[in-house]
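Asker: Dumping the structure here so I can ask a few things about it.
There are 2 protein chains.
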Amino acid sequence: MYEVELKCRADHESLRKKLDEVGADHVDSRTQNDTYYNAPHRNFADTDEALRIRYEQPADGKAVTKLTYKGPLVEQESKTREEHETVVEDDQALTGILSGLGFEPAVRVEKNREFYTLDGYTITLDSVTDLGEFVEIEQEADEAEIEPVRERAVDILSSLGLDPSEQIRTSYLGLLLADET
Amino acid sequence: MYEVELKCRADHESLRKKLDEVGADHVDSRTQNDTYYNAPHRNFADTDEALRIRYEQPADGKAVTKLTYKGPLVEQESKTREEHETVVEDDQALTGILSGLGFEPAVRVEKNREFYTLDGYTITLDSVTDLGEFVEIEQEADEAEIEPVRERAVDILSSLGLDPSEQIRTSYLGLLLADET
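Protein chains in written order, with this note's numbering: chain Y, 3 to 183; chain F, 3 to 183.
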């Protein structure tokens with residue numbers, strides 16, 4: 003399975019009205035506070051790795067802390083990389099462990115996410131600190147379905163008053179790092 | 003509070019009979035499989051740090067994985083060191099994260115622990131792979147109580163047919179490392 007995903011900037015206030023009009027379902031919302039770490043023995047920017055603590059607070063539910071490691075790309079074409087993630091009970095202790103080992107917080111990505119569903123797509127309204135408001139539309143697809151699924155996503159974005167040609171392919175982390183330089 | 007603790011070698015079969023005779027309560031037992039890691043950027047043997055994954059299986063209960071970091075001694079006298087520990091949900095993912103970051107398993111300490119209580123003391127029968135059978139007796143004490151609590155522990159060990167003068171002050175990790183050299 004592949005994840006077909008389009009992302010662009012969007013004014014959330016008007017987008018919410020449009021989503022309402024077209025009958026999209028609001029299913030969930032949550033905040034995600036991500037801290038990306040630098041390693042004491044490697045420059046992750048060079049090695050294309052990432053170590054992240056994600057503190058996630060669902061609108062109604064228990065906060066969860068996750069530790070994630072993403073290795074370098076092992077296959078360029080499909081963007082395949084090694085990834086390991088686990089829930090961790092005590093986020094303070096985890097921060098202490100990483101700090102003790104010499105890992106240092108490098109970048110924080112804080113966002114509030116509102117999830118809608120429409121025609122089998124997940125539409126996510128992301129409000130990202132220091133970056134602004136975005137929308138992501140995504141759906142999983144087999145290889146043969148990628149093109150029609152993408153085209154339909156473009157149509158939906160247009161019907162929501164957005165311009166799909168202004169697609170952003172950079173991650174929020176990448177956008178924040180670009181802002182710093 | 004201080005932890006008053008004595009440890010010595012003990013034949014568990016005869017010790018269990020003695021504990022039965024003196025009316026000690028068997029409260030719990032569990033296995034602990036510890037993996038100590040080496041860091042890619044420091045020699046923990048030199049820096050006196052430790053990074054450990056503990057996989058703990060209670061006799062009746064759910065297995066738990068814990069990640070623990072112990073920093074170097076900050077105060078020799080009281081053996082004070084920075085310590086951070088958290089429960090981690092997915093032990094396979096945690097192993098993958100450490101491996102991805104370049105940490106390597108260095109020593110494994112596997113033991114089965116049986117816990118008894120007697121006169122306010124916890125008596126632990128440790129069966130350690132490659133090291134053999136041990137007993138630990140411990141109780142928490144205020145500073146003023148340390149001596150009487152230690153003396154009473156010595157008396158109890160004697161009454162159980164053990165020789166308290168053969169006390170071992172080295173950790174199981176330390177004993178295993180000493181065996182290797």
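All C-beta atoms, glycine included, are put in the ideal place defined by N, C-alpha and C.
Run down chain Y in chain order and give the residues with a C-beta less than 8 angstroms from the C-beta of residue 71(F).
Answerer: Mapped onto the second sequence, residue 71(F) falls at position 69. Within chain Y, the residues near residue 71(F) are 98, 99, 102, 103.
Asker: Tell me, please, which residues DSSP counts as bridged to residue 45(F).
Answerer: Numbered from 1 along the second sequence, position 43 holds the residue referred to as residue 45(F). BP columns for residue 45(F) are empty, so no partner.
Asker: Residue 60(F): which of 141(F), 116(F), 21(F), 153(F) sits nearest, CA to CA?
Answerer: Your numbering for residue 60(F) matches position 58 in the second sequence. Ranking 141(F), 116(F), 21(F), 153(F) by Cα distance to residue 60(F) puts 116(F) first.
Asker: Can you list the residues of chain F that residue 76(Y) reaches, using a CB-CB cut of under 7 angstroms?
Answerer: One-based indexing of the first sequence puts residue 76(Y) at position 74. Chain F residues near residue 76(Y): none, gap ~12 angstroms exceeds 7 angstroms.
Asker: Using 10 angstroms around the beta-carbon of residue 47(Y), count the other beta-carbons present and answer buried if the total reaches 16, otherwise exposed.
Answerer: To locate residue 47(Y), count along the first sequence from 1; it is residue 45. Looking at its Cβ environment, which holds fewer than 16 other Cβ atoms inside 10 Å, residue 47(Y) is exposed.
Asker: Below 8 angstroms between beta carbons is the criterion; list the residues of the segment 29-57 of chain F that meet it against any residue of chain Y, in chain order.
Answerer: Answer set for the segment 29-57 of chain F: 41, 42, 43, 44, 51, 53.
Asker: Strictly below 8 angstroms CB to CB, what residues from chain Y border residue 106(F)?
Answerer: Here residue 106(F) is taken as the residue at index 104 of the second sequence, counted from 1. Going along chain Y, no residue has its Cβ under 8 angstroms from residue 106(F), so there is no contact; the nearest lies around 13 angstroms.
Asker: Looking at the structure shown, is residue 51(Y) part of a helix, part of a strand, or coil, going by DSSP?
Answerer: On the first sequence, position 49 is the one that residue 51(Y) refers to. Correct three-state label for residue 51(Y): coil.
Asker: Measuring straight from C-alpha to C-alpha, what distance separates residue 51(F) and residue 144(Y)?
Answerer: Here the question's residue 51(F) lines up with position 49 in the second sequence. Here the question's residue 144(Y) lines up with position 142 in the first sequence. If I take the Cα positions, the gap works out to 48 angstroms.
Asker: What residues of chain Y sit near residue 92(F), judged by a beta carbon separation below 9 angstroms?
Answerer: On the second sequence, position 90 is the one that residue 92(F) refers to. In chain order: 86, 87, 88, 89.
Asker: Would you kindly check if the distance between the Cβ of residue 110(Y) and the Cβ of residue 45(Y) is under 8 angstroms?
Answerer: Position 43 of the first sequence, counted from the first residue, corresponds to residue 45(Y). Position 108 of the first sequence, counted from the first residue, corresponds to residue 110(Y). Not a contact, by the Cβ cut-off of 8 angstroms.
Asker: Would you call the segment 128-146 of chain Y and the segment 88-104 of chain Y in contact, with 3 or more CB pairs under 8 angstroms?
Answerer: Output reads no: the segment 88-104 of chain Y does not touch the segment 128-146 of chain Y.
Asker: At 7 angstroms on the CB atoms, spell out the chain Y contacts of residue 95(F), in chain order.
Answerer: Within the second sequence, the letter at position 93 stands for residue 95(F). Going along chain Y in sequence order, the residues near residue 95(F) (Cβ under 7 angstroms) are 86, 87, 88.
Asker: From residue 97(Y) to residue 89(Y), what does the alpha carbon distance come to, in whole angstroms?
Answerer: Numbered from 1 along the first sequence, position 95 holds the residue referred to as residue 97(Y). Numbered from 1 along the first sequence, position 87 holds the residue referred to as residue 89(Y). If you take the alpha carbons of residue 97(Y) and residue 89(Y), they lie about 14 angstroms apart.
Asker: Just to check my reading of the structure: residue 126(F) and residue 138(F) have Cβ atoms closer than 8 angstroms, yes? What is that Cβ distance to the nearest angstrom?
Answerer: Numbered from 1 along the second sequence, position 124 holds the residue referred to as residue 126(F). Numbered from 1 along the second sequence, position 136 holds the residue referred to as residue 138(F). With a Cβ gap of about 4 angstroms, residue 126(F) and residue 138(F) count as contacting.
Asker: Helix, strand or coil: how does DSSP classify residue 143(Y) here?
Answerer: Reading the first sequence from its first residue, position 141 is the one you call residue 143(Y). Looking at residue 143(Y) - three-state DSSP - the assignment turns out to be strand.
Asker: When you compare only the Cα positions, how much space is there between residue 21(F) and residue 58(Y)?
Answerer: As a first step, residue 21(F) must be located in the second sequence, where it is residue number 19. As a first step, residue 58(Y) must be located in the first sequence, where it is residue number 56. Using only the alpha carbons, I get a separation of about 49 angstroms.
Asker: Scan the segment 89-165 of chain Y and note each continuous alpha helix (DSSP H) run of 4 residues or more that stays entirely inside, going in chain order.
Answerer: For the segment 89-165 of chain Y, whole alpha helix (DSSP H) runs of length 4 or above, ordered along the chain, are 93-102, 148-161.
Asker: Please return the same chain residues whose Cβ sits closer than 8 angstroms to the Cβ of residue 119(F), not counting the five positions on each side in sequence.
Answerer: Looking up residue 119(F) in the second sequence gives position 117. Counting only Cβ-Cβ distances below 8 angstroms, and skipping sequence neighbours, we find 26, 27, 29, 125.
Asker: If you draw a straight line from the alpha carbon of residue 173(F) to that of residue 11(F), how long is it in whole angstroms?
Answerer: One-based indexing of the second sequence puts residue 173(F) at position 171. One-based indexing of the second sequence puts residue 11(F) at position 9. Distance between the alpha carbons of residue 173(F) and residue 11(F) is about 13 angstroms.
Asker: How many Å lie between residue 4(F) and residue 71(Y) at the Cα?
Answerer: Reading the second sequence from its first residue, position 2 is the one you call residue 4(F). Reading the first sequence from its first residue, position 69 is the one you call residue 71(Y). The alpha-carbon atoms of residue 4(F) and residue 71(Y) are separated by roughly 38 angstroms.
Asker: From residue 122(F) to residue 66(F), what distance separates their C-alpha atoms?
Answerer: Position 120 of the second sequence, counting from 1, holds the residue named residue 122(F). Position 64 of the second sequence, counting from 1, holds the residue named residue 66(F). Looking at the two C-alpha atoms, the distance is approximately 27 angstroms.
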